[in-house]
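Novice: Taking the numbering used here, the leading residue of the sequence shown gets 229, the next gets one more, and so forth. Think of the CB as a built atom: it goes at the ideal place given N, C-alpha and C, for glycine as much as any other residue.
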Amino acid sequence: MRLTRGELKQLAGPVVVGLVLTLGGAALVWSTGEALRSGQRHFAAAQAEEKIDLYQRLKQLHILGEERRLEWADAMARIRKERELLDLRYTVERQRLLTSVAAKPGNIDFYASTMKVDLALLHEEDLLRFLADLRESGNAYYAVRKCGLMRTGQAVSGAGMTPRLRADCEIDLITLVDPAKK
Numbered sequence: 229m230r231l232t233r234g235e236l237k238q239l240a241g242p243v244v245v246g247l248v249l250t251l252g253g254a255a256l257v258w259s260t261g262e263a264l265r266s267g268q269r270h271f272a273a274a275q276a277e278e279k280i281d282l283y284q285r286l287k288q289l290h291i292l293g294e295e296r297r298l299e300w301a302d303a304m305a306r307i308r309k310e311r312e313l314l315d316l317r318y319t320v321e322r323q324r325l326l327t328s329v330a331a332k333p334g335n336i337d338f339y340a341s342t343m344k345v346d347l348a349l350l351h352e353e354d355l356l357r358f359l360a361d362l363r364e365s366g367n368a369y370y371a372v373r374k375c376g377l378m379r380t381g382q383a384v385s386g387a388g389m390t391p392r393l394r395a396d397c398e399i400d401l402i403t404l405v406d407p408a409k410k
């Protein structure tokens, strides 16, 4: 079938419109792809910056790296003195690897040392202040596993302050270690 000159003139407009629409569609597809790639780059950069910020915060809190037992002992002595705690005894058990950490990032291993604390208290709030001071010392991440509070049964004496309560706590001191850096 042959088209006449008049038919070709009639088809010229729709063909041009079709080409323009095809080129416009291709440009939109390209533009959308570029926008997607740009968004992915920005998202990746934001994630990297967020991870760097988190790493810096963990490093600042002394959660990354080896245990800081000497700093823990210093913190306990400082808290005892500042809070005027009458009796504070503690022991720190050997460090152990935490194996059931959900969504563990990369090569990082989580370690915990359980600190058993025995405190003589005048008031319940002394325990809360002790735990807050311990957490603020920033030498590890402190996770309280359990804390029991009981009355001592001692009568109040007029001569001095007598502790009426005892607290027995188990606190995990958690640190994060990259085995590649050991």
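#1: Label F271 either buried or exposed according to how many other C-beta atoms from any shown protein chain fall within 10 Å of its C-beta, with 16 as the threshold for buried.
#2: Taking the alpha carbon of K344 as the point to measure from, which residue in D396, L404 and L264 has its own alpha carbon closest?
#3: Say whether the segment 253-261 touches the segment 357-372, bearing in mind that this needs 3 or more beta-carbon pairs closer than 8 Å, one atom from each stretch.
#4: Along the chain, where does the alpha helix (DSSP H) that runs through T403 open and close?
#5: Quick one: give me the first and last residue of the beta strand (DSSP E) that M343 is part of.
#6: Grab me the residues of L466's own chain with a C-beta within less than 7 Å of its C-beta, minus the 5 sequence neighbours each way, in chain order.
#7: According to DSSP, is A368 helix, strand or coil?
#8: Between the C-alpha atoms of D315 and H290, what's the straight-line distance to the nearest angstrom?
#9: Do A174 and S341 have their C-beta atoms within less than 8 Å of each other?
#10: Between the C-alpha atoms of L292 and L377, what's the straight-line distance to the nearest angstrom?
#11: Specify, as a first and last residue, the run of the alpha helix (DSSP H) that R308 falls within.
#12: With a threshold of 6 Å on Cβ separation, who are the neighbours of T300 within its own chain once the five nearest residues in sequence on each side are excluded?
#13: Candidates V405, R269, L350 and L264: which alpha carbon is nearest Y339's?
#14: Determine the DSSP secondary structure at R363, reduced to helix, strand or coil.
#15: Taking the beta carbon of T403 as the centre, do at least 16 other beta carbons fall within 10 Å, making it buried, or is it exposed?
#16: Starting from the C-beta of R297, find all residues in its chain whose C-beta is less than 7 Å away, skip the five residues before and the five after it, and write them out in chain order.
#17: Hey, could you find the ends of the beta strand (DSSP E) R265 is sitting in?
#18: Might you give, ordered along the chain, the residues of its own chain that have their beta carbon closer than 8 Å to the beta carbon of I336, omitting 5 neighbours on each side?
#19: Label I307 either buried or exposed according to how many other C-beta atoms from any shown protein chain fall within 10 Å of its C-beta, with 16 as the threshold for buried.
Specialist: In terms of the structure at hand:
#1: Position 43 of the sequence shown, counting from 1, holds the residue named residue 271. Per the 10 Å Cβ criterion, exposed.
#2: Taking the first residue of the sequence shown as position 1, residue 344 is located at position 116. Among D396, L404 and L264, the Cα nearest to that of K344 belongs to D396.
#3: no
#4: For the purposes of this step, residue 403 is taken as residue 175 along the sequence shown, with counting starting at 1. T403 -> not in any alpha helix (DSSP H); beta strand (DSSP E) instead, spanning L393 to V405.
#5: Numbered from its first residue, the sequence shown carries residue 343 at position 115. Unbroken beta strand (DSSP E) run through M343: D337 to L349.
#6: Only positions 229 to 410 of the chain appear in this structure, which leaves residue 466 out of reach.
#7: As a working mapping, residue 368 is identified with position 140 in the sequence shown. Three-state result, A368: coil.
#8: The count along the sequence shown starts at 1 and reaches residue 315 at position 87. The count along the sequence shown starts at 1 and reaches residue 290 at position 62. Approximately 27 Å between the Cα atoms of the pair.
#9: Past the boundaries of the shown model lies residue 174; the chain is included only from 229 to 410, so the question cannot be answered.
#10: Along the sequence shown, one-based indexing puts residue 292 at 64. Along the sequence shown, one-based indexing puts residue 377 at 149. Spanning the two alpha carbons is a distance of roughly 32 Å.
#11: What you label residue 308 is simply residue 80 of the sequence shown in a count that begins at 1. Here the alpha helix (DSSP H) through R308 covers R297 to R311.
#12: By one-based count along the sequence shown, residue 300 stands at place 72. Reading off the sequence shown, one finds Trp at residue 300, where the question assumed Thr. N367, listed in sequence order.
#13: As a first step, residue 339 is located in the sequence shown; it is residue number 111 there, counting from the start. Ranking the options by Cα distance to Y339, first place goes to V405.
#14: The sequence position of residue 363 within the sequence shown is 135, counting from 1. In this structure, R363 counts as helix in the three-state DSSP scheme.
#15: Taking the first residue of the sequence shown as 1, we reach residue 403 at position 175. Counting Cβ neighbours within 10 Å, T403 comes out buried, since at least 16 surround it.
#16: To locate residue 297, count along the sequence shown from 1; it is residue 69. The answer, listed in chain order, is V320.
#17: Working through the sequence shown from its first residue, we reach residue 265 at position 37. First-last for R265: R233 to Q288, but that is the alpha helix (DSSP H), not the beta strand (DSSP E).
#18: As a working note, residue 336 is residue 108 in the sequence shown. So the qualifying residues of the chain are L404, V405 and D406.
#19: Numbered from 1 along the sequence shown, position 79 holds the residue referred to as residue 307. I307 is buried by the Cβ-count criterion.
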